[in-house]
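Each remark here refers to the structure printed beneath this line.
Numbering (our numbering), first residue to last: 1 to 328.
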């Protein structure tokens, strides 16, 4: 089955463009609803950071390091590199006797405007702490320190990545279809979009064992500190705030988006084929409204999906629309 038409762009009464993709809602046993190809193989990118954080909790590393809820939220984050993100990750590393140089995520300019302005005006340069994945990597280092493992923790044959691979196999109930290297240099295991949705359903209805407790702690951390998971102006943060802790959501590069819905015991996964972030944000918002966990009248739905598009003079020139049949 080919990709489905999910989000349309209309201008002047004509359909100007269309974003095609795949979406799956899963209850942990079966696919509840699907659009496009449920078996489409994708890289989850940063949408799977909760899975990558599981070994840190399951090994006892998080508790041994005395990690709190904020650090757990940051371990799942693709943050803006704002001062609060940089400071907290720096303190986390310092508490382990480590520093920025121990990270293996690389540097990029922070997405946070104020922090970017501060760096520019002071002639300072970004550090690895500004990388949107620095919290995830601090979590990796927590595991490494606890296990006494080698420093090159992003290498595919490192014991940490073996543990992450096993956790991925378990929660997706699939063998990875391949492995790629993410923007932060960590391995990223490819799989079906159904497998990703199935994994998110597992987080939505965790068991009472050690893994289930780890899943619960990560979801609660994300929904307690949505500003640490992304940042001001970001869809992840704004959606979680709008749903007042009831749902965890997480984006990934190349237009992947997931949702974990404990009250419905459902997991959701979306992938837009052309990599258009605006479409993945619109699609996840539409599905959350469809599932009754996001108020259609909330301003974030307007921002991501239904408000008119305006040009530089403020004129209304177009709009995003849901394609026919999405969601039903």
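A virtual CB, placed ideally from N, CA and C, is assigned to each residue, including glycine.
Do residue i and residue j have their CB atoms nearer than 8 angstroms?
i           : j           : result
residue 61  : residue 134 : no
residue 80  : residue 106 : no
residue 218 : residue 72  : yes
residue 160 : residue 140 : yes
residue 10  : residue 318 : yes
residue 305 : residue 204 : no
residue 243 : residue 222 : no
residue 206 : residue 215 : yes
residue 185 : residue 154 : yes
residue 58  : residue 292 : no
residue 283 : residue 23  : yes
residue 323 : residue 6   : yes
residue 259 : residue 288 : yes
residue 92  : residue 138 : yes
residue 38  : residue 193 : yes
residue 89  : residue 129 : yes
residue 228 : residue 87  : no
residue 189 : residue 162 : no
residue 237 : residue 230 : yes
residue 158 : residue 147 : no
Just tell me which of the options has its CA closest to the CA of residue i.
i           : options               : result
residue 52  : 35, 75 and 43         : 75
residue 386 : 233, 325 and 67       : Because the chain is modelled from 1 through 328, residue 386 falls outside the range shown and cannot be assessed.
residue 175 : 182, 187, 155 and 191 : 191
residue 42  : 19, 94, 179 and 25    : 179
residue 276 : 21, 64, 35 and 99     : 21
residue 181 : 166, 111 and 104      : 104
residue 29  : 195, 231, 302 and 177 : 195
residue 257 : 78, 8 and 308         : 78
residue 268 : 327, 238, 295 and 237 : 327
residue 316 : 229, 38, 85 and 13    : 13
residue 165 : 47, 16, 85 and 54     : 54
residue 112 : 229, 162, 47 and 82   : 82
residue 235 : 262, 280, 213 and 261 : 280
residue 4   : 16, 31, 15 and 36     : 36
residue 290 : 308, 8, 261 and 120   : 261
residue 371 : 199, 212 and 44       : Nothing in the structure corresponds to residue 371, since the chain is present only between 1 and 328.
residue 173 : 202, 294 and 119      : 202
residue 144 : 183, 208, 56 and 300  : 56
residue 47  : 136, 17 and 8         : 136
residue 300 : 278, 311 and 313      : 278
residue 44  : 312, 117, 309 and 183 : 183
Starting from residue i, follow its DSSP beta bridges and name the residues at the other end.
i           : result
residue 321 : 8
residue 35  : 23
residue 192 : 41
residue 262 : Answer by DSSP bridge pairing: none, since residue 262 is not bridged.
residue 268 : 25 and 259
residue 287 : BP columns for residue 287 are empty, so no partner.
residue 187 : 181
residue 276 : None, per the DSSP bridge assignment.
residue 316 : 310
residue 15  : 10
How close, in whole Å, do the beta carbons of residue i and residue j come, if the pair is a contact with beta carbons under 8 angstroms?
i           : j           : result
residue 250 : residue 109 : That belief does not hold up - the Cβ atoms of residue 250 and residue 109 are roughly 22 angstroms apart, past 8 angstroms.
residue 26  : residue 197 : 4 angstroms
residue 286 : residue 271 : About 15 angstroms; that fails the 8 angstroms criterion.
residue 94  : residue 151 : That belief does not hold up - the Cβ atoms of residue 94 and residue 151 are roughly 17 angstroms apart, past 8 angstroms.
residue 85  : residue 274 : With a Cβ gap of about 29 angstroms, residue 85 and residue 274 do not count as contacting.
residue 246 : residue 232 : Going by Cβ atoms, the distance from residue 246 to residue 232 rounds to 21 angstroms, so no, they are not a contact pair.
Does the beta carbon of residue i come closer than 8 angstroms to any beta carbon on chain D?
i           : result
residue 113 : No chain D is part of this structure, which consists of one protein chain only.
Run through the segment 98-181 for me and flag every whole beta strand (DSSP E) of 3 or more residues, listed as ranges in chain order. 178-181
Whole runs of the alpha helix (DSSP H) within the segment 41-81, excluding any shorter than 4 residues: 49-58, 61-64 and 69-75
In chain order, what are the residue ranges of uninterrupted alpha helix (DSSP H) at least 4 long that sit wholly in the segment 215-259? 226-229 and 235-242
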